[in-house]
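Here the structure is laid out as structure tokens; the discussion comes afterwards.
Residue numbers (the working numbering), protein chains in the order written: chain A, 1058 to 1242; chain B, 38 to 136.
Pasting the structure below:
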């Protein structure tokens, strides 16, 4: 339970947290889970780049701001116009999401102790639905749609033959190779 | 062991966020980085959906989770909020197991 809460406080990027828990829950090693979480977190570096013109670039404020660089804060900050408004939107969204996210995690972690077998409540069907909901907004063009389908098929084909969590890493390597090759042509 | 993995993962995720704010723009504006980084979450999330729906351990299976995923897809197409998508999938699986 402490580990679940630590993820929300220290990692604070939802898709990566779900991925780590998902890999470990499926019997994978914590290291495969950690690698998947870090790969999913790579998009936050791109968000950081878009935000660096809005936020302070030096000192402890940057170190604190970095922790709040996530999907929600980026979306709210870049949708505002004057820099002051953007900055306010970033910090307000960051603090609000951080507080509620951690409160929700704590409630969830406490509640699972009081619940029966998670399968009875269909909780094993919840993670794929959550990943799907996170994926859907990224599928607005033909290329990501094809990549998503390909990635799903590749992961399932590898799954019987490699340790749990490793299919995700294979998919990540393949998509990285694809991206680099595509950007050259 | 578990804690070490959790903390390393947290540190990596934070380092990536900080790198975005700190690295010179030229690195991140590189065409290969711009092209590749947005594709990684698409592939990983799709792989997570596939593996968590169609497998138990090392076996490929089709069970109530498949129906639950179809319900979730329907909810996403209806632009339902995140929690509604997740809850309807869980409810579908629970109901199908009940009957």
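Beta carbons are placed, not taken as given, at the ideal position from N, Cα and C, and that holds for glycine.
Keep in mind it's a predicted model, so treat the numbers as computed, not measured.
Scanning the stretch 1071-1152 of chain A for uninterrupted beta strand (DSSP E) segments of 3 residues or longer gives nothing; none is fully contained. The three-state secondary structure of residue 1170(A), taken from DSSP, is helix. Going by beta carbons, residue 86(B) and residue 1096(A) fall outside the 8 Å limit. In this chain, residue 1218(A) is not harboured by any alpha helix (DSSP H), its DSSP state being neither H nor E.
Taking the CA atoms as reference points, residue 1241(A) sits about 54 Å from residue 136(B).
Against chain A, the CB of residue 42(B) has a partner CB under 8 Å away; the residue lies at that interface. The closest CA to that of residue 1064(A), considering only 1198(A), 1155(A), 1222(A) and 1213(A), is found on 1155(A).
Against chain A, the CB of residue 111(B) has no partner CB under 8 Å away; the residue lies outside that interface. For residue 92(B), a Cβ of chain A is located within less than 8 Å of the residue's own Cβ.
DSSP places residue 1178(A) in the coil class of the three-state scheme, outside both helix and strand. Chain B places no beta carbon closer than 8 Å to that of residue 1117(A), leaving this residue out of the contacts. Here residue 1133(A) is buried. Its C-beta has 16 or more other C-beta atoms within 10 Å. Within the same chain, no residue comes within 6 Å of residue 123(B) by CB-CB distance, once the 5 residues on both sides are set aside. Taken through DSSP and simplified to helix, strand or coil, residue 60(B) comes out as coil. At least one CB atom of chain A sits nearer than 8 Å to the CB of residue 49(B). Using a Cβ-Cβ cut-off of 8 Å, residue 1169(A) does not count as an interface residue toward chain B, since no Cβ of chain B sits closer than that to its own.
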